[in-house]
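Asker: Chains as they are written, first to last, in the numbering used here: chain V, 340 to 846; chain W, 227 to 902.
Printed below as a string of structure tokens:
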């Protein structure tokens with residue numbers, strides 16, 4: 340078993356999904372237990388991986404490499420480094436809490452619903468482990484299917500429009516990536532990511548490959564201006580779907596930049612960094628202002644997600660600039676770039692916790708009042724004090740209050756951006772004001788005030804199960820916020836590796 | 227030492243957790259005992275550390291507790307720097323906090339959120355202590371935002387009131403504007419020093435002399451100035467300096483104990499403390515100091531003027547706080563950091579006292595805050611009256627009272643700075659001088675309207691029935707029962723705060739202002755060492771006070787006192803007449819110079835307008851309408867012909883895709899399948 344830990348990690352949820360569908364079709368309760376046990380087991384396995392990851396060794400570990408499609412020289416190559424492991428742990432942790440949260444919220448075709456989440460988990464884990472570009476691509480695309488089903492079957496009234504938009508949008512992006520992969524396969528004859536990172540693509544090749552990757556990953560993140568699928572998808576998705584979408588699926592886009600754009604096309608990344616940085620800053624400011632005027636809580640949080648993910652892409656490409664600057668100036672060092680990239684990664688993990696928790700909060704409210712509209716709420720603090728306390732805490736995390744995880748990434752990215760150019764830092768720093776404005780205005784209207792209508796007056800506070808979900812995310816955010824050092828040192832070696840690859844001039 | 231310091235910060239935190247998370251289990255008295263015990267431990271240990279530092283001559287403590295992150299050569303820590311500056315702050319914070327904790331038992335007696343309140347104020351004490359004890363910029367920012375959070379929670383404590391939750395949101399957002407500058411300032415420090423550690427930054431401060439940064443192309447700005455101004459923007463929000471002062475008057479929506487603790491004595495002085503702490507950096511930039519002094523002087527005079535026209539007893543004290551914070555800021559700008567911190571300390575005592583006496587009046591008046599319905603309360607509330615009088619005399623800078631020494635030092639310091647040149651300092655000098663008159667006028671106006679003159683309320687037993695009806699607004703000026711002196715838990719803190727308001731300066735003025743009390747904590751460049759020049763004229767507290775009687779500030783204060791006495795005590799109709807004469811000016815003051823309207827119209831509505839525009843035109847119109855759905859419609863029409871040959875059940879396809887993917891993925895498990 341110890342040789343195939345990552346395979347186990349990926350296949351375990353698939354086995355669990357099969358078991359859930361087969362054995363749980365007659366008894367929803369049995370389906371729930373099977374699914375939850377699987378998720379817990381997978382989470383346990385990811386913790387085991389974390390504990391056994393040697394951060395002082397070369398970054399990639401738990402290597403598995405077998406021939407897969409020999410004719411095309413494709414290999415079933417899995418390995419994980421600190422960055423993958425952080426995202427793997429986020430995935431397995433979130434899936435457990437999603438399944439706990441879904442315990443009573445879905446009553447229709449429970450076994451299929453839960454199995455979809457396990458399949459989704461498996462594919463996401465696959466993305467984070469794959470070291471072969473085509474394998475990555477397959478997991479990357481496969482993820483869409485369970486999510487498509489989750490929104491399409493258990494979603495809200497406009498689910499058909501939302502699912503089609505979601506599917507076509509992301510599929511549209513991926514097509515470009517597929518073209519890029521085919522080109523690379525023909526050109527190099529090998530799609531191993533490490534091999535591609537070392538392959539000397541010309542300036543022209545890099546330029547086009549970079550654009551192909553950019554479109555694919557920008558849709559996924561999502562970045563302005565290809566973000567409009569996300570609010571619709573979130574609004575129609577059931578709570579669990581929204582949570583996974585926000586917490587993990589968006590991270591796949593950021594992860595893609597890290598595995599494809601930066602190492603394979605470092606020179607193009609440098610050349611086009613201004614573009615990505617500009618789009619990221621637009622995301623922070625433009626999308627933040629759009630979030631301010633939303634009437635639908637899920638849309639508001641969806642726009643907030645886009646704005647926060649802007650920090651992820653910003654940090655990465657500021658790192659690109661700083662690495663390259665350090666190479667031309669005599670005194671330069673890559674330390675600023677390390678800070679930027681770490682900030683970007685921490686922001687991904689943090690956004691996983693916080694956005695997941697906020698969507699869960701909306702789920703808790705929706706189950707009681709059956710509305711996502713802000714105007715239908717007001718004064719929840721009167722009837723749901725514990726919920727109010729958690730929601731206020733999580734909102735503070737969303738506004739980047741120090742002591743919560745939301746602060747750590749933003750702080751690092753702003754500090755590093757200032758080294759690149761003070762105006763980049765200043766634009767990004769506007770999130771301090773805008774982010775607090777849309778989040779706390781939401782809190783003011785929903786949580787505070789007098790009870791606005793009779794349904795609110797009759798609400799029950801969160802039950803133990805909901806408390807576990809919200810409290811779990813809140814605690815995770817608090818721990819990372821108070822002591823990010825373990826997370827940072829887990830990823831440190833891998834971040835350095837990426838910076839090494841970035842500093843390799845190929846042209 | 228480390229264990230003691232950790233206990234000092236963690237004891238209130240523990241109290242907060244007990245009162246907050248286990249409020250139901252421990253009950254009301256459990257909650258207040260937990261919080262009070264925590265803060266008492268902090269106070270006692272702070273006093274112990276104070277003794278060690280000040281009397282036993284212990285060296286400053288500077289150690290990291292744990293590493294927050296470490297990335298290459300960059301690292302960020304949580305750690306303590308305790309020198310005489312921070313230990314003085316620790317004593318002030320924990321002492322005022324303890325007084326407020328005790329007072330709260332009486333003030334919040336009937337409030338259903340009793341435990342929550344204690345949890346918040348204990349959490350505040352923790353955050354504020356973390357802020358003043360920090361040894362690095364990161365933890366400073368932590369504390370900075372944490373006190374902001376607690377302030378937000380406490381202003382909105384009565385969350386059913388629309389005005390309270392509006393004020394709390396406003397306070398948080400205005401503070402975020404300051405934090406925006408503050409964070410960029412920290413980033414700039416980090417860029418030039420590569421560290422967030424105070425000691426390292428201060429030790430290497432000379433390396434930024436002569437360095438320039440080009441934020442806008444072709445505009446080289448001195449790094450020291452950029453750092454100074456950016457950090458000060460943070461202080462402007464936290465310490466409520468014009469134009470970021472707008473949140474503080476509204477924060478009076480919170481319960482009175484926190485107005486005393488957070489919005490007068492401690493949190494709002496965090497900005498002053500920060501600049502004093504950063505004195506090694508500010509000393510490098512004359513333009514930054516000039517900026518500080520102009521902002522401070524403007525605040526000192528113009529917010530004081532607003533206090534003249536307010537009728538809400540708490541708002542008068544709030545505007546007075548703004549004005550006094552302006553005085554402290556002026557002292558900072560004049561490089562008289564010690565005077566700023568000294569005024570911070572005396573102000574913490576007498577302003578907390580004034581707020582708490584206002585609270586005592588409010589309890590007696592059954593939560594009436596409008597001074598037009600008060601008057602003649604002296605005979606009902608003797609302890610409150612006498613302590614309020616002490617607070618007022620201290621605030622107006624009457625010789626022998628603590629406020630005299632601190633305020634006088636500031637005025638003298640600015641005078642010397644103005645002599646050295648610089649129109650900014652001359653402007654500041656006139657502002658603070660006129661401010662003395664204004665301070666006396668509004669202070670005695672408050673005292674007379676509240677405690678002296680005719681009773682402008684009636685006691686009517688039946689009023690209680692009216693008020694018991696939930697829908698009826700209480701009738702202004704009608705009380706169910708006669709006002710009565712507050713219980714001991716309220717009056718004892720008043721007495722304990724009155725003592726330092728009266729005499730703390732007698733012993734401390736010499737060492738803190740003109741001696742070597744702060745040692746290396748505060749750095750002043752020789753060329754603007756204004757306090758050093760003043761030291762020659764200082765021959766002890768008693769001669770200074772006697773000398774004070776002959777000086778311009780005292781005469782101005784006396785003029786203010788005399789005018790207030792005439793207008794509000796001897797001949798009240800004159801006050802109404804003056805108000806009519808000066809109607810246009812009064813109107814400007816009542817509208818608070820229009821800051822609120824401006825912010826509401828430009829910033830609040832402007833961002834909503836922008837957001838709605840971006841959303842409707844950008845997202846919905848352009849991106850979705852033209853691009854996404856537009857192309858979808860095009861394809862839709864083209865595909866209409868082909869569609870007939872598909873079965874149309876999406877989930878069939880989806881399921882088939884999953885099976886296919888799993889099979890493809892699993893194919894490697896069967897060796898050799900693909901190898902022929």
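The beta carbon of each residue, even a glycine, is placed where N, CA and C say it ideally should be.
Using a 10 Å radius around the Cβ and a threshold of 16 neighbouring Cβ atoms, would you call residue 368(W) buried or exposed?
Answerer: As a working mapping, residue 368(W) is identified with position 142 in the second chain. Buried, since its Cβ has 16 or more Cβ neighbours within 10 Å.
Asker: Could you check if residue 593(W) is buried or exposed, using at least 16 other CB atoms within 10 Å of its CB as the buried criterion?
Answerer: Position 367 of the second chain, counted from the start, is the residue given in the question as residue 593(W). Burial call: exposed.
Asker: What are the partner residues of residue 400(V), as DSSP defines its beta bridges?
Answerer: Mapped onto the first chain, residue 400(V) falls at position 61. The partner list for residue 400(V) (beta bridge, DSSP) reads 419(V).
Asker: Closer than 8 Å, Cβ to any Cβ of chain V: which residues of the stretch 827-845 of chain W, in chain order?
Answerer: Of all residues in the stretch 827-845 of chain W, 833, 834, 836, 837, 838, 840, 841, 844, 845 have a Cβ within less than 8 Å of some Cβ in chain V.
Asker: What is the DSSP secondary structure of residue 441(W), counted as helix, strand or coil?
Answerer: Start at 1 with the first residue of the second chain, and residue 441(W) comes out as number 215. Looking at residue 441(W) - three-state DSSP - the assignment turns out to be coil, as it is neither helix nor strand.
Asker: Does any CB atom of chain V fall closer than 8 Å to the CB of residue 294(W)?
Answerer: Taking the first residue of the second chain as 1, we reach residue 294(W) at position 68. Yes, its Cβ sits closer than 8 Å to a Cβ of chain V.
Asker: Short check: CB of residue 308(W) to CB of residue 356(W), under 8 Å?
Answerer: Here residue 308(W) is taken as the residue at index 82 of the second chain, counted from 1. Here residue 356(W) is taken as the residue at index 130 of the second chain, counted from 1. Their beta carbons are not under 8 Å apart, which means residue 308(W) does not touch residue 356(W) by this criterion.
Asker: Does DSSP classify residue 407(V) as helix, strand or coil?
Answerer: As a position in the first chain, residue 407(V) is number 68, starting the count at 1. If DSSP states are grouped into helix, strand and coil, residue 407(V) belongs with the strands.
Asker: Does DSSP put residue 392(V) in a helix, in a strand, or in coil?
Answerer: The residue given as residue 392(V) occupies position 53 in the first chain. Residue state, collapsed to three classes: coil.
Asker: List, in order along the chain, the chain W residues whose C-beta lies closer than 9 Å to that of residue 477(V)?
Answerer: For the purposes of this step, residue 477(V) is taken as the residue at position 138 of the first chain. Near residue 477(V) (Cβ distances below 9 Å), the residues of chain W are 887, 890, 891.
Asker: Answer yes if the stretch 294-306 of chain W comes into contact with the stretch 820-839 of chain V, meaning at least three C-beta pairs across the two stretches below 8 Å, and no otherwise.
Answerer: The stretch 820-839 of chain V is in contact with the stretch 294-306 of chain W.
Asker: Would residue 510(W) pass as a contact of residue 434(W) if the rule is Cβ separation under 8 Å?
Answerer: Start at 1 with the first residue of the second chain, and residue 510(W) comes out as number 284. Start at 1 with the first residue of the second chain, and residue 434(W) comes out as number 208. For residue 510(W) and residue 434(W), yes; Cβs fall inside 8 Å.
Asker: To the nearest angstrom, report how far apart residue 878(W) and residue 509(V) are at their CA atoms.
Answerer: Translated into the one-based positions of the second chain, residue 878(W) becomes position 652. Translated into the one-based positions of the first chain, residue 509(V) becomes position 170. Computed Cα separation, rounded: 20 Å.
Asker: Between residue 808(W) and the rest of its own chain, which residues show a CB-CB distance below 6 Å, the 5 nearest in sequence each way excluded?
Answerer: To locate residue 808(W), count along the second chain from 1; it is residue 582. Correct list: empty, nothing qualifies.
Asker: Measuring only between beta-carbons, confirm whether residue 903(W) sits less than 8 Å from chain V.
Answerer: Since the first residue shown for chain W is 227 and the last is 902, residue 903(W) is missing from the structure and cannot be characterised.
Asker: So that I know if they touch, is there some Cβ in chain V lying closer than 8 Å to that of residue 299(W)?
Answerer: Locating residue 299(W) in the second chain gives position 73, counting from the first residue. With 8 Å as the cut-off, residue 299(W) counts as an interface residue toward chain V.
Asker: Buried or exposed: where does residue 605(W) fall if 16 or more other Cβ atoms within 10 Å of its Cβ makes it buried?
Answerer: Working through the second chain from its first residue, we reach residue 605(W) at position 379. So residue 605(W) counts as exposed.
Asker: What do you reckon, are the CB atoms on residue 593(V) and residue 687(V) nearer than 8 Å?
Answerer: Residue numbering aside, residue 593(V) sits at position 254 when the first chain is read from its first letter. Residue numbering aside, residue 687(V) sits at position 348 when the first chain is read from its first letter. Cβ distance < 8 Å, so residue 593(V) and residue 687(V) count as in contact.
Asker: State the Cα-Cα distance for the pair residue 247(W) and residue 441(W), rounded to the nearest angstrom.
Answerer: On the second chain, residue 247(W) is found 21 positions in, with the first residue counted as 1. On the second chain, residue 441(W) is found 215 positions in, with the first residue counted as 1. So the alpha carbons of these two residues sit roughly 47 Å apart.
Asker: In this structure, what does DSSP give as the bridge partners for residue 754(W)?
Answerer: Numbered from 1 along the second chain, position 528 holds the residue referred to as residue 754(W). Bridge partners of residue 754(W): none, in fact.
Asker: Taking 6 Å as the limit between beta carbons, can you name the residues of its chain near residue 897(V), skipping five residues before and five after?
Answerer: Beyond the ends of chain V as shown, which are 340 and 846, falls residue 897(V); an answer cannot be given.
Asker: If the cut-off is 7 Å on Cβ atoms, which residues from the stretch 389-414 of chain W count as contacting chain V, listed in chain order?
Answerer: Under the 7 Å Cβ criterion, the stretch 389-414 of chain W contributes 391, 395, 398, 399, 402, 403, 405, 406, 409, 410, 413, 414.
Asker: What's the gap between the Cα of residue 507(W) and the Cα of residue 454(W)?
Answerer: Mapped onto the second chain, residue 507(W) falls at position 281. Mapped onto the second chain, residue 454(W) falls at position 228. Distance between the alpha carbons of residue 507(W) and residue 454(W) is about 7 Å.
Asker: Please report the residue range of the alpha helix (DSSP H) in which residue 859(W) lies.
Answerer: Position 633 of the second chain, counted from the first residue, corresponds to residue 859(W). Looking at the DSSP string, the run of the alpha helix (DSSP H) that includes residue 859(W) is 856-865.
Asker: Enumerate, from N- to C-terminal direction, the unbroken alpha helix (DSSP H) stretches of 4 or more residues contained entirely within the stretch 407-491 of chain W.
Answerer: Counting whole runs of 4 or more residues, the stretch 407-491 of chain W contains the alpha helix (DSSP H) stretches 424-429, 449-464, 473-476, 482-486.
Asker: Using a Cβ cut-off of 9 Å, pull out every chain W residue sitting near residue 831(V), in sequence order please.
Answerer: On the first chain, residue 831(V) is found 492 positions in, with the first residue counted as 1. Here the neighbours are 296, 297, 298.
Asker: Using 8 Å as the limit for Cβ to Cβ distance, is residue 353(V) near chain W?
Answerer: Against the first chain, residue 353(V) aligns to sequence position 14. It does: the Cβ of residue 353(V) has a partner Cβ on chain W nearer than 8 Å.
Asker: List the residues of chain W that residue 458(V) touches, going by C-beta distances under 9 Å, in chain order.
Answerer: As a working note, residue 458(V) is residue 119 in the first chain. Here the neighbours are 884, 888.
Asker: Comparing the C-beta of residue 768(V) with each C-beta of chain W, is any distance below 8 Å?
Answerer: Indexing the first chain from 1 puts residue 768(V) at position 429. Interface residue, yes.
Asker: Let me see if you follow: with CB-CB separation under 8 Å, is residue 487(V) close to chain W or not?
Answerer: Taking the first chain and counting its residues from 1, one reaches residue 487(V) at position 148. It does: the Cβ of residue 487(V) has a partner Cβ on chain W nearer than 8 Å.
Asker: Assuming residue 467(V) contacts residue 423(V) under a Cβ cut-off of 8 Å, what Cβ separation, rounded to an integer in Å, is found between them?
Answerer: Start at 1 with the first residue of the first chain, and residue 467(V) comes out as number 128. Start at 1 with the first residue of the first chain, and residue 423(V) comes out as number 84. That belief holds up - the Cβ atoms of residue 467(V) and residue 423(V) are roughly 5 Å apart, short of 8 Å.
Asker: Rounded C-beta distance between residue 633(W) and residue 490(W)? I'm assuming under 8 Å.
Answerer: Numbered from 1 along the second chain, position 407 holds the residue referred to as residue 633(W). Numbered from 1 along the second chain, position 264 holds the residue referred to as residue 490(W). About 16 Å; that fails the 8 Å criterion.
Asker: Please determine if the stretch 794-801 of chain W and the stretch 636-656 of chain W are in contact, where contact requires at least 3 C-beta pairs separated by less than 8 Å.
Answerer: As far as the Cβ criterion goes, the stretch 794-801 of chain W does not touch the stretch 636-656 of chain W, which means the pair count is below three.
Asker: At which residues does the alpha helix (DSSP H) containing residue 294(W) begin and terminate?
Answerer: Here residue 294(W) refers to the residue found at position 68 when the second chain is read from its first residue. That residue, residue 294(W), is in no alpha helix (DSSP H); its beta strand (DSSP E) goes 287-297.
Asker: The alpha helix (DSSP H) that contains residue 875(W), what's its start and end?
Answerer: On the second chain, residue 875(W) is found 649 positions in, with the first residue counted as 1. Neither: residue 875(W) is in no alpha helix (DSSP H) and is coded neither H nor E.
Asker: Can you check whether the C-beta of residue 652(V) is within less than 8 Å of a C-beta belonging to chain W?
Answerer: By 1-based counting over the first chain, the position of residue 652(V) is 313. It does not; no Cβ of chain W falls within 8 Å.
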